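Q: What follows is a structure written as structure tokens; I'll ask about it next.
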Amino acid sequence: MTAQDFQDGQVLLIDKPLNWTSFQAVNKLKWALKSKLGLKKIKIGHAGTLDPLASGLLLVCTGKFTKRITELQGQAKEYTGTITVGATTPSYDLETETNETFLTEHITEELIHETVKQFLGEIDQRPPIFSALKKDGIRLYEHARNGEEVEIPTRKTTIHEFEITRIALPEIDFRVVCSKGTYIRSLAFDFGKALHSGGHLTALRRTKIGDYDVKNGYGLEAFVDSLSEKTE
């Protein structure tokens, strides 16, 4: 694609690697477009944050297609991942250390599959304290890191599909299709609680946003390498 193609507008399917923030990935792409294609400026943004501890599909819009970001953010998303039962963490994932442990001997495959049914359809979900949402103008993770307790209201979200794909306790692998604004970390925490144990998210990959599939995406470095160097 030419520099003009990116200015006219593209939706890039990027397979974000682990330990990269979505902001870092977009910045890397912006730098590559400017330096390799000779663009002095380019509008660019992503359609839905993916946590650093998650890999997978990041939709990045360029040029005139940045106007589509809100539309794309509203589409259903599919994730695969792993919930580890028997322990919780304050962040509901591996960002923080275990803060409590629980028994798991009572957890059976039948109980797991029965519990899934509680989470299908519209549910009330409380976002994690370690999140970028704001309370009183301050991001929740800043409150958390300062040791401050804040009341986080629940909000409605919809789980369209929730499938268990592997059980090897304490690990439970899943596939979930959900609405905008769903926190999979909160789903992992709540699922562990519903099993009368504890749970936290230990792996996460976003595989689809609407009809966009990560199978059709580029690795971040591979995409950067594919851009033609600016010719003098």
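Mapping the sequence shown onto full-length UniProt numbering, position 17 (from 1) lands on 17, and the numbers just tick up by one.
For every residue, glycine included, the Cβ atom is placed at its ideal position computed from N, Cα and C.
Keep in mind that this is a model prediction, so the values were computed, not measured.
Can you give me the start and stop residues for the beta strand (DSSP E) that E97 sits inside?
A: Looking at the DSSP string, E97 is not in any beta strand (DSSP E), and its letter there is neither H nor E.
Q: Rounded to whole angstroms, what is the Cα-Cα separation between K43 and F65?
A: Looking at the two C-alpha atoms, the distance is approximately 9 Å.
Q: Just grab the DSSP bridge partners of V60 for me.
A: V60 pairs with L12, H46.
Q: So who's on the other strand from A194, going by DSSP bridges?
A: BP columns for A194 are empty, so no partner.
Q: Give me the Cα-Cα distance between D211 and G38, rounded to the nearest whole angstrom.
A: D211 and G38: Cα-Cα distance of roughly 32 Å.
Q: Taking E110 as the reference, give the member of G198, T2, I167 with the closest Cα.
A: Nearest C-alpha to E110: I167.
Q: Count the other C-beta atoms from every protein chain shown that fall within 10 angstroms of the C-beta of W31, then say buried if there are 16 or more, exposed otherwise.
A: W31 should be labelled exposed.
Q: Is E221 helix, strand or coil when you go by DSSP?
A: Helix at E221.
Q: Tell me, to the nearest whole angstrom, how far the beta carbon of T80 is from that of R185; I am working on the premise that it is less than 8 Å.
A: About 14 Å separates the two Cβ atoms, so there is no contact after all.
Q: Taking V224 as the reference, give the member of L12, D5, D8, K156 with the closest Cα.
A: V224 has its Cα closest to that of L12, out of L12, D5, D8, K156.
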